[in-house]
Amino acid sequence: MKLKLTGLLTFLIMFSIQMSTAQESKITGIISDSDAIPISGVTIVVDGTNKGVVSDFDGKYSISAKKGEILKMTFIGMKTQMITIGDSTTIDVTMEEDLESLDAVVVTGYQKIDRKLFTGSAATVKLEDVKLDGIADVSRALQGQVAGVEIQNVSGTFGTAPAIRIRGNASINGANKPLWVIDGVILEDAIELSNEDISSGNLDTILSSSTAGINPDDVETFQVLKDASATALYGARALNGVIVITTKRGKTGKPLVNFSSSLTARAKPNYSQFNYLNSGNELSVYQELYEKGWIDIAGANTASNHGVFSDMFNKISNNEINWGPGGSPNYAYLQRYANANTDWFDVLFKDSFIRTNSFSISSGTDTSRYRASISSIVDEGQTVADNVKNYTANLNADFDLSDKLSIGFKLTGNVRDQRIAASEDRELNALTGVFERNFDINPFNYALYTSRSITPYDEQGNRQFFRRSYAPFNILHEVENNFVDLGLIDLSFQTNFNVKVTNDLNFTTVLNGRWYKSDAIQTVHENSNNAAAYRADGPLIRESNIFLFNDPDAPELQPYSVLPNGGFRKTTNNSLTSYYMRNQFDYSRTFGDSHTVSALLAQEVRSSDRVQEKNDGWGYLFDKGGLILSDPNFIRFLDSRGEEYFDVEETRQRGWGVFSNLAYSYDQKYIVNGTYTYTGDNRTGQSKTARYLPTWNISGAWNMHNESFLENVDWLNLLKLKSTYGLSGSNPFDASAGLIVFGDEPLRPQLGEREVSLLIDQLENGELTFEKLYEWNIGLETAFFNNRLGLELEYYQRKSEDLVGFVETNGVGGEGTKLGNIGDLDREGYEVTLRTVNIETSNFRWTSNFNFSYSESEIKKWESQDRIGDAVSRNGANIVGFPTGALFSVPFAGLDSNGIPTFFGEDGAIIQDLDFQERDDITKFLKYEGPTEPTFFGGFNSNFSYKNLSLNVSLAYRGGNKIRLDDAFQEEYDDYSSLPGDLINRWSLPGDENVTNIPAILSEIVSEGLDNAGLNPYDLYNKSDVRVADGDYVRLRNIKLSYRLPKSLIDRAWLKSATASLSANNLWLIYSDDRLNGIDPEFFQSGGVSLPLTRSYTFTLNFNF
1 MKLKLTGLLT FLIMFSIQMS TAQESKITGI ISDSDAIPIS GVTIVVDGTN
51 KGVVSDFDGK YSISAKKGEI LKMTFIGMKT QMITIGDSTT IDVTMEEDLE
101 SLDAVVVTGY QKIDRKLFTG SAATVKLEDV KLDGIADVSR ALQGQVAGVE
151 IQNVSGTFGT APAIRIRGNA SINGANKPLW VIDGVILEDA IELSNEDISS
201 GNLDTILSSS TAGINPDDVE TFQVLKDASA TALYGARALN GVIVITTKRG
251 KTGKPLVNFS SSLTARAKPN YSQFNYLNSG NELSVYQELY EKGWIDIAGA
301 NTASNHGVFS DMFNKISNNE INWGPGGSPN YAYLQRYANA NTDWFDVLFK
351 DSFIRTNSFS ISSGTDTSRY RASISSIVDE GQTVADNVKN YTANLNADFD
401 LSDKLSIGFK LTGNVRDQRI AASEDRELNA LTGVFERNFD INPFNYALYT
451 SRSITPYDEQ GNRQFFRRSY APFNILHEVE NNFVDLGLID LSFQTNFNVK
501 VTNDLNFTTV LNGRWYKSDA IQTVHENSNN AAAYRADGPL IRESNIFLFN
551 DPDAPELQPY SVLPNGGFRK TTNNSLTSYY MRNQFDYSRT FGDSHTVSAL
601 LAQEVRSSDR VQEKNDGWGY LFDKGGLILS DPNFIRFLDS RGEEYFDVEE
651 TRQRGWGVFS NLAYSYDQKY IVNGTYTYTG DNRTGQSKTA RYLPTWNISG
701 AWNMHNESFL ENVDWLNLLK LKSTYGLSGS NPFDASAGLI VFGDEPLRPQ
751 LGEREVSLLI DQLENGELTF EKLYEWNIGL ETAFFNNRLG LELEYYQRKS
801 EDLVGFVETN GVGGEGTKLG NIGDLDREGY EVTLRTVNIE TSNFRWTSNF
851 NFSYSESEIK KWESQDRIGD AVSRNGANIV GFPTGALFSV PFAGLDSNGI
901 PTFFGEDGAI IQDLDFQERD DITKFLKYEG PTEPTFFGGF NSNFSYKNLS
951 LNVSLAYRGG NKIRLDDAFQ EEYDDYSSLP GDLINRWSLP GDENVTNIPA
1001 ILSEIVSEGL DNAGLNPYDL YNKSDVRVAD GDYVRLRNIK LSYRLPKSLI
1051 DRAWLKSATA SLSANNLWLI YSDDRLNGID PEFFQSGGVS LPLTRSYTFT
1101 LNFNF
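This is how it looks when you write it as structure tokens:
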């Protein structure tokens, strides 16, 4: 009986074990991301148990679990997956990015801070979400994406930087551009240019972009730091905000290979966008100019420029053609040109492509990770005068040498070859306040401002030459014989040493070195118009040709050429060598469950040496193997003009700083943060008070959603109130407190009188100190309905003090004009960011992002006096009680009975003259138009996705600013330049003054009378209130349609993922002021090397292997 009982019990126990085992199965599968790329390192646990595994390099996992149990899968940056086990033992999982998690960390460059504990104003932008295919410069992708960040594409030429402002201008004469930081190290500018310089079109601007050499596919995120708390650790360099770029690094897992290739086509500009006369209407104006004495046979022979009418007179003088009936112009000859209607945009711009390729490979183990990438851009050029080849390489690696010590390094390189049309740098005409540029062959400006009656080819198909700068000129010939070739190489190396001293304390050392060199060689061929102008010494033009030499040693001689042979080989070489080192301690510890303390203590040193060399290379014979035949008189010619043929500028910048930060959080509800920095710069002189600037910040935040009285509000995910107050500073790059002495050669017209001297450019200025910015910021961050609705509101007040400018003194100290801290500027504004998940289903998702920014400034103190010429110019003036760059106009009173403009002066008096050099009380009768800087701007972005298809639409807008229109109306016109379309409505007969405000074309006699009387009504007309437009615009900046190929297709091609996309950039200027006549409100038509950012279409293929 006992044996039977024992047997029965044994059977029951074994049956129970067998049944229990049968309920538990081995679950296997592969975990991948939305691109079907396997994810290694995913943690898989059976929920409610201690049983767990980690996915391997192939994303594979295997775990034992019972039917009905739940597998919990977690991975940083991905949404947690909860999978209930059913009948299947194979469960493949696709994990989705957790956008909230990716935005949960703020990267300041020095620290990574949990956003919940962050008290400053910052925005995170993932490049993948905003990347503009076909646009090489990653900085342009930020336009319309971040509240408070205003980006203006002043030029689209490769290498030029957009004008970027964070919360408006904080300085009056400073650079007003943000500080760029890449992987924790400040990216020094190769050449230092202000936002005003960036829009100049000068040759240096093609080196102005700090980010042109960065492969967009290497960038992970942008972090925009806006207020004093966010930028505090950058001390005296953070006045204008900071943009932190974090690049991609290697990840643990099997090798992942990515290849992307894109083809971009650009649209040509066309005349339908602009309002200029066609060739037929131009000829009718030329006829009027002829009748009023402006164009005649005598003037045509001596004019610096001439078009078809003057060319006709030259041919009559040379007996090539005859006069018309009764001694009239030969209208039969002119008929061809009246019908020409030359499309210069079609002549100078071309259908071309940009080919972009990028390749990367990354992999890693538990102790080492690496990523390597290369990229190329081959741009055929949008004009007949330009092309670009740009190459980048990047290699980074991280090694965990032990559980206490790790090391990382990064090596980057950029090589560029670029050709552009050559032009001289612009110069400011002190008398008129207008920038002028000799020998400008900018294709866009030439197409817009050259008469359409001029033709590039004659009737036989040969290139036709007219006259420009006293010499024969054909634009196609000139761009082939006058161009700049730029070569650039930029290398940098960075290494990070990280020591885990304790579980709470880390020590980091960052070392960075950079070597940069660019060589720009301008070829001015002996056959070019530029060179020919220096040899144009015909008897009828010799006296007026400014490019000939009036020898002061032989006044009896006629002006003569100092370039009898050859052309110019002008070189501009720039180099930068910089070093950087930072040592940093980071401490973080949580006491109990509620008290968290973090601290940072760091020290850094930096060094930057810049050298620029220029040589004009006179008398270079390109057609004779580079033989040089320089006329020694060219030295005397330059000397008589106060110029040198060779120049070297060297600058050495040294900086040092210590930084500290202390933060405390209680129960993740209440956060207090304080920062103190002490930095110095050698450019601020020897005085300690000038050289070193302590900056500080105090801030706090309240996470109200963690309060017990809100814990049951299920629809509330985030409610955070924060505020900061602090001091930051800046030293304008051209300001120095030290004694500045240059070697100099005084201007001596006589060569024998030349001598070398020392020039005291600036006396020691011990009172000059840093510009300072005191800023208060208050913000509210909210999220509702499971984070489907997010709203951020910010308000700030900024007070800039001790702004640097030139001020007149009594001369007691030895200088009549000196730099001083002479200004104060107040600014306030607010920002709104709204993020929504509008629709979300299993197959369809629609999200949107709207941001709006508003700010206005007022100058509270400014001891320098601007001229009337400044106040009415495009950049405006700086006047107490007005915003920076305030634009004024001369009040237009109408046309008189002769069609001549009149204006309101003081007390309503009618005037026709004004001294643009006047500085006293210049606002007494000028009309204030508004600021030249936008007062509001923002963007709207919508993203739609349906299964494997996605559509992204992005708009940008701005407004509140005023734009001074180009000087288009004159007392006289020539037959070489294009004519504004408004001339159709010009005053022609008495009584027209009642129906039009377009002034008359005066006769030469009347014009001379105005000059003799000292009147300048046409200059005033161009600076009047009728020549001002609103700067408001709304632009459809980007549309992108993408399709991710289904897994069933890519598996056959041994791919992990494949995506095809089609995008359009700068597609449609939805709204702008009609008075701009088609001119892009962002683009500064400054000529030189600047070209507009045109409409483009890009097709991209992206593969992961």
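Residue numbers (full-length UniProt numbering): 1 to 1105.
Using N, Cα and C, we set each Cβ at its ideal position, and we do this for glycine too.
Cα separation between G41 and Y370? About 16 Å.
Could you give the residue range of the beta strand (DSSP E) that holds P901? Start and end: 901 to 904.
Reduced DSSP secondary structure (H/G/I, E/B, other) of Y534: Looking at Y534 - three-state DSSP - the assignment turns out to be coil, as it is neither helix nor strand.
My understanding is that T769 touches N706, with C-beta atoms under 8 Å, so please give their C-beta distance in whole angstroms. Between T769 and N706, the beta carbon gap of about 43 Å keeps them out of contact (Cβ cut-off 8 Å).
Taking the beta carbon of residue 1162 as the centre, do at least 16 other beta carbons fall within 10 Å, making it buried, or is it exposed? Given that the chain is displayed from residue 1 to residue 1105, the structure contains no residue 1162 and the question cannot be resolved.
Simplified DSSP state of A22, which is helix, strand or coil: Note that A22 has pLDDT 46, beneath the 50 cutoff, so the model's placement of it is unreliable and no number is given.
Quick one: is S988 near chain B, going by C-beta distance under 9 Å? Looking for chain B here will not work: only one protein chain is present.
Rounded separation between S1090 and F274 - CA only: Rounded to the nearest angstrom, the two C-alpha atoms are 18 Å apart.
8 Å contact criterion, which Y1033 and Y1071 should meet: CB distance rounded: That belief holds up - the Cβ atoms of Y1033 and Y1071 are roughly 6 Å apart, short of 8 Å.
Consult DSSP for L102 and reduce its assignment to one of helix, strand or coil. Here L102 scores only 46 on pLDDT, less than 50, and its place in the model should not be relied on; the value that follows carries that caveat. Helix at L102.
Can you check which of these residues, R426, E192, G148, is closest to T124 by C-alpha distance? Checked all of R426, E192, G148; the closest Cα to T124 is G148.
From L791 to G674, what does the alpha carbon distance come to, in whole angstroms? Cα to Cα, the separation comes out at about 26 Å.
If I'm right that L600 touches D586 with Cβ under 8 Å, what's the distance once you round it to whole angstroms? Taking 8 Å as the upper bound for CB-CB distance, L600 and D586 are in contact here, some 6 Å apart.
For Q558, count neighbouring C-beta atoms within 10 Å of its own C-beta (all shown protein chains included) and say buried if the count is 16 or more, exposed if not. It is exposed - the Cβ of Q558 has fewer than 16 other Cβ atoms within 10 Å.
Grab me the residues of R606's own chain with a C-beta within less than 6 Å of its C-beta, minus the 5 sequence neighbours each way, in chain order. Correct list, in chain order: Y580, G655.
Just to confirm the assignment: which complete beta strand (DSSP E) runs, minimum length 3, are found wholly within the region 80 to 136? Within the region 80 to 136, the runs of beta strand (DSSP E) that reach at least 3 residues and sit entirely inside it are, in chain order, 81 to 84, 105 to 107, 112 to 114, 122 to 126.
To which residues of the same chain is N703 closer than 7 Å at the C-beta, ignoring the five residues directly before and after it? So the list reads K116, Q668, K669, K720, once near-sequence residues are dropped.
Starting from the Cα of I984, find the closest Cα among S1048, L277, A163 and give me that residue. It is L277 whose Cα lies nearest to the Cα of I984.
Can at least three beta-carbon pairs, one atom from the region 1037 to 1047 and one from the region 945 to 952, be found at a separation below 8 Å? Touching, yes, given that three or more Cβ pairs across the two stretches are closer than 8 Å.
For A22, does the count of other Cβ atoms within 10 angstroms reach 16, so buried, or fall short, so exposed? Below a pLDDT of 50, predicted positions are generally treated as unreliable, and A22, at 46, falls in that range; no measurement from the model is reported.
Residue nearest to Q522 in terms of C-alpha spacing, selected from A385, K248, Y391: Ranked by Cα distance from Q522, the options A385, K248, Y391 are led by A385.
Same chain only: Cβ atoms within 7 Å of N550, ignoring 5 sequence neighbours per side: A distance below 7 Å between beta-carbons, with the five flanking residues on each side excluded, links N550 to the following residues of its chain, in chain order: P559.
To the nearest angstrom, how far is the alpha carbon of T884 from that of I172? Rounded to the nearest angstrom, the two C-alpha atoms are 7 Å apart.
Please determine if the region 958 to 968 and the region 986 to 1003 are in contact, where contact requires at least 3 C-beta pairs separated by less than 8 Å. Flag = no, the region 958 to 968 and the region 986 to 1003 do not touch.
So, is R237 buried or exposed, given that buried needs 16 or more other C-beta atoms within 10 angstroms? Counting C-beta atoms within 10 angstroms of its own C-beta, R237 has 16 or more neighbours from the protein chains shown and is therefore classed as buried.
Can you tell me which of P891, S800, N843 puts its alpha carbon nearest to the alpha carbon of S857? Distance from the Cα of S857 is smallest, within the candidate group P891, S800, N843, for S800.
Per DSSP, what kind of secondary structure is F67 in: helix, strand or coil? What sits at residue 67 in the sequence shown is Lys, not Phe. Here DSSP, grouped into helix, strand and coil, assigns K67 to coil.
How big is the Cα-Cα spacing for S199 and Y678? If you take the alpha carbons of S199 and Y678, they lie about 34 Å apart.
What does a CB cutoff of less than 6 Å around F309 pick up in its chain, not counting 5 residues either side in sequence? Its chain contains Y286, I295, D975 as the residues whose beta carbon lies nearer than 6 Å to that of F309, once the 5 sequence neighbours on both sides are disregarded; these appear in chain order.
Residue span of the alpha helix (DSSP H) that contains S640, given as start and end: Here the alpha helix (DSSP H) through S640 covers 633 to 640.
Beta-carbon within less than 6 Å of N153's beta-carbon, same chain only, minus the 5 sequence neighbours each way: which residues are those? Once the five neighbours on either side are set aside, the close Cβ partners of N153 are P162, E1082, L1093.
Every unbroken beta strand (DSSP E) within the region 163 to 221, with a cutoff of 3 residues, ordered by chain: Taking only runs of at least 3 residues, the beta strand (DSSP E) segments lying wholly in the region 163 to 221 are 163 to 166, 179 to 182.
By alpha-carbon positions, which one of L548, D1080, N1104 ends up nearest to R1095? When each option's Cα is compared against that of R1095, the closest is D1080.
In the region 451 to 518, which residue ranges form an unbroken beta strand (DSSP E) of at least 3 residues, counting only runs that do not cross its ends? Scanning the region 451 to 518 from its first residue to its last, the whole beta strand (DSSP E) runs of 3-plus residues come out as 466 to 468, 471 to 473, 482 to 500.
Between I39 and D92, how many whole angstroms is the CB-CB distance? I'm expecting something under 8 Å. About 12 Å separates the two Cβ atoms, so there is no contact after all.
Can you tell me where the alpha helix (DSSP H) with W344 in it begins and where it stops? Taken as a continuous stretch (DSSP letters only), the alpha helix (DSSP H) holding W344 covers 344 to 348.
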